[in-house]
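In the working numbering, the protein residues as written are 1 to 327.
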Amino acid sequence: MDKQIIFNKTSVLILILALAFILRITGINNNPPSMYGDELTMLLDVNSILHTGFDITGKFLPLNFEMGGGRPVGYGYFSLPFVAIFGPTTLSIRLLSVLSGVGIVFLIYLLGKFLFFKEVGYVAALLTAISPWDLSLSRGGFETHFALFLGLLAVVLFLMAEKRPWFYVISALSFGLSINTYSTYKLSLSLFLPLLLWFTNFKERFSNNKGYLVASALIVVLFILLLIFQALFTSSETRFLNLNIFAQKETKNQITQSVNEKRNLSSTNQEISKLFHNKLWEYGYLLGTSYLNNFSVDFLFLTGDKNPRHNMASSGSLYMAEIFLIF
1 MDKQIIFNKT SVLILILALA FILRITGINN NPPSMYGDEL TMLLDVNSIL HTGFDITGKF
61 LPLNFEMGGG RPVGYGYFSL PFVAIFGPTT LSIRLLSVLS GVGIVFLIYL LGKFLFFKEV
121 GYVAALLTAI SPWDLSLSRG GFETHFALFL GLLAVVLFLM AEKRPWFYVI SALSFGLSIN
181 TYSTYKLSLS LFLPLLLWFT NFKERFSNNK GYLVASALIV VLFILLLIFQ ALFTSSETRF
241 LNLNIFAQKE TKNQITQSVN EKRNLSSTNQ EISKLFHNKL WEYGYLLGTS YLNNFSVDFL
301 FLTGDKNPRH NMASSGSLYM AEIFLIF
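Structure (structure tokens):
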């Protein structure tokens, strides 16, 4: 009887993962209808490295893809087996993202099971399997999607390492690979990791598993040194700088125009006006509103980010029925 119950529960998880895979792989060559620019240049680089060892700009086993403005190579190198098997095709460059989506579903199950209980894990996995945001990201060669899988894998392994200390080493490796897969993870993980250590009673963990944690720390240090090397001697920061709002020329012009308009309309003297109307306040307001927009009803349930590349169905990131699960 117990074996039958275990079998049935395992079957539920297998069915959820199968559903996730089918939804992500079906029609992958035609939906989205064509490769976008980053997919195409990455495929060209990966195919070139596969056959010659050099990317299309002539760099031998590069740490960054020059054609992608310093794009990290993580997604490209992990796609090498698929390009070798299926050739330079749409399927080969998107398959890693498809599998990342299925992997994310499984990791969400493990996270729900670890933090709560199995039933929560099943529900969370099912919702992720059919979620609009992950379906969209799974069907394109998005580096951020693979980086999300690696980051989530690192978190799950770190939490589970309390009983299996060698998981710390794999967790550190996953964290390191994630920041070499998508540029902005350099910032987001540097903010997230201290919180993870704080809330998981790191001091007690360290005292019980010094050997594994020292090995993990060395791995992290090696990846940090690699990042420093890339920043100094390659174009790795180009893409990161292009992605942040402080480097966008259009945003800079809008901020400058807004500050000037507010100062001209202000009834206070010029010096006081500068205290309340300046670029620091404007950028702070822009950062705050941009962050909070991620939690808006419009973004979550109605229109998403309105970018067809990330949101093929022009719908919200979640289903309306899920609104009750949030609140």
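Using N, Cα and C, we set each Cβ at its ideal position, and we do this for glycine too.
Just so you know, these numbers come straight off a predicted model, no measurement behind them.
{"Asked": "Need the endpoints of the alpha helix (DSSP H) that GLN257 sits in, please.", "Found": "249–265"}
{"Asked": "Among THR90, ALA20, PHE54, THR10, which one has its Cα closest to the Cα of LEU40?", "Found": "THR90"}
{"Asked": "Check whether the region 170–187 and the region 213–229 are in contact - that is, three or more C-beta pairs closer than 8 Å.", "Found": "yes"}
{"Asked": "As an exercise, report each continuous beta strand (DSSP E) stretch of at least 3 residues that is fully enclosed by the region 118–198, in chain order.", "Found": "none"}
{"Asked": "Here's the rule: buried if 16 or more other CB atoms are within 10 angstroms of the residue's CB, otherwise exposed. What is ILE272?", "Found": "exposed"}
{"Asked": "Between GLY112 and the rest of its own chain, which residues show a CB-CB distance below 6 Å, the 5 nearest in sequence each way excluded?", "Found": "VAL120, GLY121, ALA124"}
{"Asked": "Taking Cβ to Cβ, would you say LEU76 is nearer than 8 Å to ASP45?", "Found": "A small correction: the amino acid at residue 76 is Gly; Leu does not occupy that position in the sequence shown. It is a contact, given that the beta carbons lie within the stated cut-off."}
{"Asked": "For MET320, does the count of other Cβ atoms within 10 angstroms reach 16, so buried, or fall short, so exposed?", "Found": "exposed"}
{"Asked": "Which residues in the same chain as LEU95 place their Cβ atom closer than 7 Å to its Cβ, once the five residues preceding and following it in sequence are excluded?", "Found": "PHE82"}
{"Asked": "Cα-Cα, which of LEU325, ILE179, ILE93, PHE301 is closest to SER152?", "Found": "Residue identity check: residue 152 is Leu in the sequence provided, not Ser. LEU152 has its Cα closest to that of ILE179, out of LEU325, ILE179, ILE93, PHE301."}
{"Asked": "Quick check on the DSSP output: the alpha helix (DSSP H) that includes GLY112 runs from which residue to which?", "Found": "90–115"}
{"Asked": "What's the C-alpha gap between GLY53 and GLY141?", "Found": "21 Å"}
{"Asked": "Grouping DSSP H, G and I as helix and E and B as strand, with all else coil, what is PRO72?", "Found": "strand"}
{"Asked": "If you draw a straight line from the alpha carbon of TYR185 to that of PHE149, how long is it in whole angstroms?", "Found": "12 Å"}
{"Asked": "Just reading off the alpha helix (DSSP H) that ALA84 is part of, what are its end residues?", "Found": "80–86"}
{"Asked": "Would you tell me roughly how many angstroms separate the C-alpha atoms of MET1 and VAL156, rounded to the nearest one?", "Found": "For MET1, the pLDDT reaches just 47, beneath the cut-off of 50, and the residue's location in the model is therefore unreliable, although a value from the coordinates is still provided. Going from the Cα of MET1 to the Cα of VAL156 covers about 31 Å."}
{"Asked": "Could you tell me which of LEU302, HIS51, LEU61 sits nearest to ALA84, measuring between CA atoms?", "Found": "HIS51"}
{"Asked": "Using only the alpha-carbon positions, how far apart do GLY288 and ILE323 sit?", "Found": "23 Å"}
{"Asked": "Mind checking GLN230: buried by the 16 CB within 10 Å criterion, or exposed?", "Found": "buried"}
{"Asked": "Using only the alpha-carbon positions, how far apart do MET35 and LEU275 sit?", "Found": "48 Å"}
{"Asked": "DSSP three-state label for PHE295, please.", "Found": "coil"}
{"Asked": "By how many angstroms is the C-alpha of ARG164 removed from the C-alpha of LYS9?", "Found": "23 Å"}
{"Asked": "If I measure Cβ to Cβ from ASN29 and keep anything under 7 Å in the same chain, skipping five residues before and after, which residues do I get?", "Found": "THR90, LEU91"}
{"Asked": "What do you reckon, are the CB atoms on ILE14 and ALA129 nearer than 8 Å?", "Found": "no"}
{"Asked": "Just to check my reading of the structure: ILE74 and PHE192 have Cβ atoms closer than 8 Å, yes? What is that Cβ distance to the nearest angstrom?", "Found": "The sequence as given places Gly at residue 74; Ile does not occur at that position. About 18 Å; that fails the 8 Å criterion."}
{"Asked": "Looking only at C-alpha atoms, which of LEU159, GLY176, THR181, LEU218 sits nearest to TRP198?", "Found": "LEU159"}
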